[in-house]
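A.B. asks: After the structure tokens below, expect a handful of questions from me.
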Amino acid sequence: MSAATPAARRFTPARMLLYAILLFFAVLYLLPLYVMLTTSFKTLAEIQQGNMLALPREWTAAPWREAWGSACIGLECSGVKGYFFNSIQIVVPAVLISGLLGAFNGYVLTKWRFRGHKIVFGLILFSCFIPFQIILLPMARVLGILHLANSTSGLVLVHIVYGIGFTTLFFRNFYASFPDELVRAAQLDGAGFFRIFFRILLPASVPIIVVTVIWQFTNVWNDFLFGVSFASGDSAPITVALNNLVNSSTGVKAYNVNMAAAMVAAVPTLIVYILAGKYFLRGLMSGSVKG
Amino acid sequence: MSFLHIDDVHKHFGETHVLKGIDIEIDKGDFLVLVGPSGCGKSTLLNMIAGLDTISEGELRLDGRRINELHPSRRDIAMVFQSYALYPSMSVAGNIGFGLEMRKVPKAERRAAIQRVAELLQIENLLSRKPGQLSGGQRQRVAMGRALVRDPQLFLFDEPLSNLDAKLRVDMRTEIKQLHQRLGTTIVYVTHDQIEAMTLATRIAVMRGGELQQLGTPQAVYDDPNNLFVAGFMGSPSMNLVPARIADRDGKLVALVEAGETTLALPIVRDREALEGWCNRQVMLGLRPEAITDPTSANRDGGEIFEADLEVELVEPTGADLYVVTRLGGISVNARMRPGSPPQPGEDTRFAFDVSRMVAFDPESEARIRTAVDADAPVQAASA
Ligand SMILES: Nc1ncnc2c1ncn2[C@@H]1O[C@H](COP(=O)(O)OP(=O)(O)O)[C@@H](O)[C@H]1O
Ligand SMILES: [Mg+2]
Numbered sequence: 016m017s018a019a020t021p022a023a024r025r026f027t028p029a030r031m032l033l034y035a036i037l038l039f040f041a042v043l044y045l046l047p048l049y050v051m052l053t054t055s056f057k058t059l060a061e062i063q064q065g066n067m068l069a070l071p072r073e074w075t076a077a078p079w080r081e082a083w084g085s086a087c088i089g090l091e092c093s094g095v096k097g098y099f100f101n102s103i104q105i106v107v108p109a110v111l112i113s114g115l116l117g118a119f120n121g122y123v124l125t126k127w128r129f130r131g132h133k134i135v136f137g138l139i140l141f142s143c144f145i146p147f148q149i150i151l152l153p154m155a156r157v158l159g160i161l162h163l164a165n166s167t168s169g170l171v172l173v174h175i176v177y178g179i180g181f182t183t184l185f186f187r188n189f190y191a192s193f194p195d196e197l198v199r200a201a202q203l204d205g206a207g208f209f210r211i212f213f214r215i216l217l218p219a220s221v222p223i224i225v226v227t228v229i230w231q232f233t234n235v236w237n238d239f240l241f242g243v244s245f246a247s248g249d250s251a252p253i254t255v256a257l258n259n260l261v262n263s264s265t266g267v268k269a270y271n272v273n274m275a276a277a278m279v280a281a282v283p284t285l286i287v288y289i290l291a292g293k294y295f296l297r298g299l300m301s302g303s304v305k306g
Numbered sequence: 005m006s007f008l009h010i011d012d013v014h015k016h017f018g019e020t021h022v023l024k025g026i027d028i029e030i031d032k033g034d035f036l037v038l039v040g041p042s043g044c045g046k047s048t049l050l051n052m053i054a055g056l057d058t059i060s061e062g063e064l065r066l067d068g069r070r071i072n073e074l075h076p077s078r079r080d081i082a083m084v085f086q087s088y089a090l091y092p093s094m095s096v097a098g099n100i101g102f103g104l105e106m107r108k109v110p111k112a113e114r115r116a117a118i119q120r121v122a123e124l125l126q127i128e129n130l131l132s133r134k135p136g137q138l139s140g141g142q143r144q145r146v147a148m149g150r151a152l153v154r155d156p157q158l159f160l161f162d163e164p165l166s167n168l169d170a171k172l173r174v175d176m177r178t179e180i181k182q183l184h185q186r187l188g189t190t191i192v193y194v195t196h197d198q199i200e201a202m203t204l205a206t207r208i209a210v211m212r213g214g215e216l217q218q219l220g221t222p223q224a225v226y227d228d229p230n231n232l233f234v235a236g237f238m239g240s241p242s243m244n245l246v247p248a249r250i251a252d253r254d255g256k257l258v259a260l261v262e263a264g265e266t267t268l269a270l271p272i273v274r275d276r277e278a279l280e281g282w283c284n285r286q287v288m289l290g291l292r293p294e295a296i297t298d299p300t301s302a303n304r305d306g307g308e309i310f311e312a313d314l315e316v317e318l319v320e321p322t323g324a325d326l327y328v329v330t331r332l333g334g335i336s337v338n339a340r341m342r343p344g345s346p347p348q349p350g351e352d353t354r355f356a357f358d359v360s361r362m363v364a365f366d367p368e369s370e371a372r373i374r375t376a377v378d379a380d381a382p383v384q385a386a387s388a
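Line by line, the protein sequences are chains A and B. At position 215 of the first sequence the residue is numbered 230 (my numbering), and the sequence of numbers has no breaks. At position 219 of the second sequence the residue is numbered 223 (my numbering), and the sequence of numbers has no breaks.
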């Protein structure tokens, strides 16, 4: 194709209209983020008199400091930082363990087929379609029996159980197109079940690992229902803390602090998208070039 | 005692009976080629030898030892796969050395072994590359290197050349043959390509529908086929198969073949005793294209030549040879003649039949009609 063609096409009226529409929606989509960010850097006085869309006249980091370290949540006034680390403590093991289990499931379901493997996969898949609300009561009972009620470990367990269906689905579909002959070659080379998984399959799974991490991380980090049901009080995740912060402010609503706290809650998922998204694209590209 | 003994081996996949009792024995240093149309169970048999598929019935013995229950990694067997199956995230050196690493061979020794194999296959400059950065032929070499480095008792190849283009396929074929001659290894090689089978094998096993049709040297399978299937499958252009009637002409056994208005009476030379019982019955005659020639190219000291004038239907020059097609028994028959002055289609020309190479088949059962039913018997009249 000649270089002139795409360049010429870029400036047709239809193209211009398309870009205008896309730009409009992008702005619309980013507007709340913009308002949150600017509000979080304004003083309360400025918010009360001022224009919501204006930039801060006087930039201040005080709302961020307060949200992080001294805002009152319920009766305690030490900000969201404790809950932020709660969320980290929940999300890291939940993502790692559910991802690893899903990878193992996918490996076994495609490369070590057993009688009834289709039924097992069907059941695991079915778990993806069970609504959150249905499992609340049985899960509370199970956590009670396991003495894990109101703890971060309990919440980790809930997220692992709920996540396995999705992670298994991702890895099974990825490994289904992974050649069986590689596994057979490795068997002849003397590698066993775990060696084949860790040396042959896992290093070739970067794209699907990234998809799984993004999916699990955002789901677990953003979860509110499980958090509020199974881990109230000190072990609550940041989403629950944010809700309590907004609801427990007495007197005047400190919008700037609330916005700063909301930004703190949103930053980790943004970081995961920015970091992993790059690897995700790279994984897709290398996959398309090989063979 | 044979080196590899496949003893009445069966394979069932659920309800389907894929291998129906395969018996093959080969000696150390043999190059056995399993050949047959796609889906006949060649890969299944190879996988069973490797230990990647279970054996439903029968026994597998390697060097006198039963290996049915032995884990693939303990059979001392290496395999080259059709897709090469190179580990995508490892370098070429990593791929070749993986089997040694799993067997806990020390690093220095491993490196030396990789180097030795890389030199043998001329891939020293590729050792640090990833499989994704290699061409088809290079991947093929790496896959062979991975098998060679372990120095196993037995090599298995599953259609290793089928993913290469025609030119490279011929080159690699020659290379595999040279490798076998140089290293004296025992090889079981699967292909659906009968030319590959003929050129590489010391022993050919022709398979169809999960059954062994014939086991023998390439020449035996070619000249002395067990049945119509083997006769038609091996050789290109394929053997002419012409309907005929066996008759007794003044005490001489002949095969009567309809040729236009006339009838040819081809004298029976091979399998005469067996064919006596077929007097006045229909058979299927088999004649290789090179056994029907012009009179001057006929091989007169090989055996008996029968000559006849027949109408030429079609002429196909290939450069080296000239294929002349005529009609016998209602079938187009290929004859290989000397190139030079080709006869014209529609004209008559003289054909010389080397009847000592003619074989006959039962048209019902498709089995060969022969006197000695020993597939391994030396070929009688026919010699190159
Ligand atoms: N895992 C399996 N389950 C069921 N049928 C199979 C399986 N593997 C192979 N088959 C069947 O066995 C037959 C022989 O297959 P294969 O050995 O691959 O043939 P070839 O290598 O000669 O082309 C085919 O009909 C195939 O469909
Ligand atoms: Mg096959």
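Just so it is clear, CB atoms sit at the ideal spot from N, CA and C, and this is done for glycine as well. Every value quoted in this text rests on a predicted model; they were computed, and no experiment measured them.
Quick check on Ala206(A) - is its C-beta less than 8 Å from some C-beta in chain B?
C.D. replies: Locating residue 206(A) in the first sequence gives position 191, where the first residue counts as 1. Ala206(A) counts as touching chain B.
A.B. asks: Taking the straight line between their C-alpha atoms, what separation do you get for Met288(B) and Ala97(B)?
C.D. replies: For the purposes of this step, residue 288(B) is identified with residue 284 of the second sequence, where counting begins at 1. For the purposes of this step, residue 97(B) is identified with residue 93 of the second sequence, where counting begins at 1. Straight-line Cα distance between these residues: approximately 56 Å.
A.B. asks: Identify the contact partners of Phe102(B) in chain A, using a Cβ-Cβ distance below 7 Å as the criterion.
C.D. replies: In the second sequence, residue 102(B) corresponds to position 98, counting from 1. Simply Asp204.
A.B. asks: So Ile215(A) contacts chain B; which residues on that side make the cut at Cβ distance below 7 Å?
C.D. replies: By one-based count along the first sequence, residue 215(A) stands at place 200. The answer, in chain order, is Tyr91.
A.B. asks: What does Pro76(B) reach in chain E if we use C-beta pairs closer than 7 Å?
C.D. replies: Among the chains of the structure shown, chain E does not appear; the protein chains present are A and B.
A.B. asks: Nearest CA to the CA of Gly94(A): which residue from Leu257(A), Leu290(A), Gly292(A)?
C.D. replies: Here residue 94(A) refers to the residue found at position 79 when the first sequence is read from its first residue. Ranking Leu257(A), Leu290(A), Gly292(A) by Cα distance to Gly94(A) puts Leu257(A) first.
A.B. asks: For the stretch 167-212 of chain B, which segments carrying the alpha helix (DSSP H) assignment without a break, of at least 4 residues, lie completely within its bounds, in sequence order?
C.D. replies: Counting only runs of 4 or more, we get 170-187, 198-204.
A.B. asks: Just reading off the alpha helix (DSSP H) that Ala51(A) is part of, what are its end residues?
C.D. replies: To locate residue 51(A), count along the first sequence from 1; it is residue 36. Residue 51(A) is actually Met in this sequence, not Ala. Residues 28-55.
A.B. asks: Look at the Cβ atom of Val110(A), then the Cβ atom of Gln202(A), and state whether they are nearer than 8 Å.
C.D. replies: As a first step, residue 110(A) must be located in the first sequence, where it is residue number 95. As a first step, residue 202(A) must be located in the first sequence, where it is residue number 187. No.
A.B. asks: Considering only DSSP beta bridges, list what Glu63(B) is partnered with.
C.D. replies: Residue numbering aside, residue 63(B) sits at position 59 when the second sequence is read from its first letter. Asp11(B).
A.B. asks: For Ala29(A) and chain B, any beta-carbon pair shorter than 8 Å?
C.D. replies: For this step, residue 29(A) is matched to residue 14 along the first sequence. With 8 Å as the cut-off, Ala29(A) does not count as an interface residue toward chain B.
A.B. asks: Helix, strand or coil: which one does DSSP assign to Pro271(B)?
C.D. replies: To locate residue 271(B), count along the second sequence from 1; it is residue 267. Pro271(B) falls in the strand class under three-state DSSP.
A.B. asks: Using the C-alpha atoms, what's the distance from Phe39(A) back to Pro28(A)?
C.D. replies: Your numbering for residue 28(A) matches position 13 in the first sequence. Your numbering for residue 39(A) matches position 24 in the first sequence. Distance between the alpha carbons of Pro28(A) and Phe39(A): 16 Å.
A.B. asks: With distances taken Cα to Cα, identify the nearest neighbour of Phe310(B) among Gln286(B), Leu326(B), Val258(B), Asn338(B).
C.D. replies: Here residue 310(B) is taken as the residue at index 306 of the second sequence, counted from 1. Answer by Cα proximity: Val258(B).
A.B. asks: Check the Cβ-Cβ distances between Ala54(B) and every residue of chain A, and say whether any is below 8 Å.
C.D. replies: Here residue 54(B) refers to the residue found at position 50 of the second sequence. Chain A contact via Cβ: present.
A.B. asks: Using a Cβ-Cβ cut-off of 8 Å, state whether Ala191(A) counts as contacting chain B.
C.D. replies: Residue 191(A) sits at position 176 when you count from the first residue of the first sequence. So, not an interface residue.
A.B. asks: With H, G and I counted as helix, E and B as strand and the rest as coil, what does DSSP make of Asn336(B)?
C.D. replies: Translated into the one-based positions of the second sequence, residue 336(B) becomes position 332. The sequence given here places Ser at residue 336(B); Asn does not occur at that position. Strand at Ser336(B).
A.B. asks: Would you kindly work out how many angstroms separate the C-alpha atoms of Asn231(B) and Val146(B), rounded to a whole number?
C.D. replies: Counting from one through the second sequence, the residue named residue 231(B) turns up at place 227. Counting from one through the second sequence, the residue named residue 146(B) turns up at place 142. Straight-line Cα distance between these residues: approximately 39 Å.
A.B. asks: As a quick exercise: from Gly334(B), Gly45(B), Pro41(B), Glu19(B), pick the residue whose alpha carbon is nearest that of Gly214(B).
C.D. replies: In the second sequence, the residue the question calls residue 214(B) occupies position 210. Per the Cα distances, Gly45(B).
A.B. asks: Straight-line CA distance for Phe148(A) to Met278(A)?
C.D. replies: Indexing the first sequence from 1 puts residue 148(A) at position 133. Indexing the first sequence from 1 puts residue 278(A) at position 263. The sequence given here places Gln at residue 148(A); Phe does not occur at that position. Taking the straight line from one Cα to the other gives about 27 Å.
A.B. asks: Roughly how many whole angstroms lie between the Cα atoms of Leu36(B) and Pro135(B)?
C.D. replies: The count along the second sequence starts at 1 and reaches residue 36(B) at position 32. The count along the second sequence starts at 1 and reaches residue 135(B) at position 131. Whole-angstrom Cα-Cα distance: 29 Å.
A.B. asks: Closest to Leu402(B) by CA distance: which of Gly149(B), Phe85(B), Asp67(B), Glu61(B) is it?
C.D. replies: Because chain B is modelled from 5 through 388, residue 402(B) falls outside the range shown and cannot be assessed.
A.B. asks: Would Trp236(A) be called buried (16 or more neighbouring beta carbons within 10 Å of its own) or exposed?
C.D. replies: On the first sequence, residue 236(A) is found 221 positions in, with the first residue counted as 1. Its Cβ being crowded by 16 or more others within 10 Å, Trp236(A) is buried.
A.B. asks: Compare the C-alpha of Leu138(B) against each of Ser95(B), Leu160(B), Ala112(B), Leu124(B) and name the closest.
C.D. replies: The count along the second sequence starts at 1 and reaches residue 138(B) at position 134. The option with the nearest alpha carbon to Leu138(B) is Ser95(B).
A.B. asks: Pro321(B) bridges to which residues according to DSSP?
C.D. replies: As a first step, residue 321(B) must be located in the second sequence, where it is residue number 317. Its beta-bridge partners are Leu326(B).
A.B. asks: Is the Cβ of Ala118(A) closer than 8 Å to any Cβ of chain B?
C.D. replies: Start at 1 with the first residue of the first sequence, and residue 118(A) comes out as number 103. No, Ala118(A) lies away from the interface with chain B (no Cβ there is under 8 Å from its Cβ).
A.B. asks: Looking at C-beta atoms only, is the number of pairs between the stretch 114-122 of chain A and the stretch 148-162 of chain A that lie closer than 8 Å three or more?
C.D. replies: No contact exists between the stretch 114-122 of chain A and the stretch 148-162 of chain A.
A.B. asks: Is the beta carbon of Asn244(B) closer than 8 Å to that of Val359(B)?
C.D. replies: Numbered from its first residue, the second sequence carries residue 359(B) at position 355. Numbered from its first residue, the second sequence carries residue 244(B) at position 240. Going by C-beta atoms, Val359(B) is not nearer than 8 Å to Asn244(B).
A.B. asks: Any heavy atom of ligand 1 within a distance shorter than 7 Å of the CB on Asp47(B)?
C.D. replies: Taking the second sequence and counting its residues from 1, the one referred to as residue 47(B) is at position 43. Residue 47(B) is actually Ser in this sequence, not Asp. Yes.
A.B. asks: What residues in its chain sit with their C-beta under 8 Å from that of Gly334(B), if we drop five residues either side in the sequence?
C.D. replies: Position 330 of the second sequence, counted from the start, is the residue given in the question as residue 334(B). Hits under 8 Å: Pro247, Glu262.
A.B. asks: Write down the C-beta distance between Ser301(B) and Met341(B) rounded to the nearest angstrom, noting that I regard them as a contact closer than 8 Å.
C.D. replies: Taking the first residue of the second sequence as 1, we reach residue 301(B) at position 297. Taking the first residue of the second sequence as 1, we reach residue 341(B) at position 337. At roughly 7 Å, the Cβ-Cβ gap stays under 8 Å, so Ser301(B) and Met341(B) are in contact.
A.B. asks: Using DSSP bridges, identify the partner residues of His392(B).
C.D. replies: Since the first and last residues shown for chain B are 5 and 388, residue 392(B) lies out of range.
A.B. asks: Throw me the rounded Cβ distance for the Leu66(B) and Leu158(B) pair, which I believe falls under 8 Å.
C.D. replies: As a position in the second sequence, residue 66(B) is number 62, starting the count at 1. As a position in the second sequence, residue 158(B) is number 154, starting the count at 1. Their Cβ separation, rounded to whole angstroms, is 7 Å, which keeps Leu66(B) and Leu158(B) in contact under 8 Å.
A.B. asks: Hey, Tyr327(B) and Pro299(B): beta-carbon distance below 8 Å or not?
C.D. replies: Taking the first residue of the second sequence as 1, we reach residue 327(B) at position 323. Taking the first residue of the second sequence as 1, we reach residue 299(B) at position 295. In this structure, Pro299(B) does not lie closer than 8 Å to Tyr327(B) by Cβ.
A.B. asks: Could you name the residues of the same chain whose beta carbon sits closer than 7 Å to that of Ala276(A), not counting the 5 residues immediately before and after it, in chain order?
C.D. replies: Here the question's residue 276(A) lines up with position 261 in the first sequence. Ala82, Ala86, Val95, Leu257, Leu260, listed in sequence order.
A.B. asks: Strictly by DSSP, which residues pair up with Lys256(B)?
C.D. replies: Position 252 of the second sequence, counted from the first residue, corresponds to residue 256(B). Looking at the DSSP assignment, Lys256(B) forms a beta bridge with Arg253(B).
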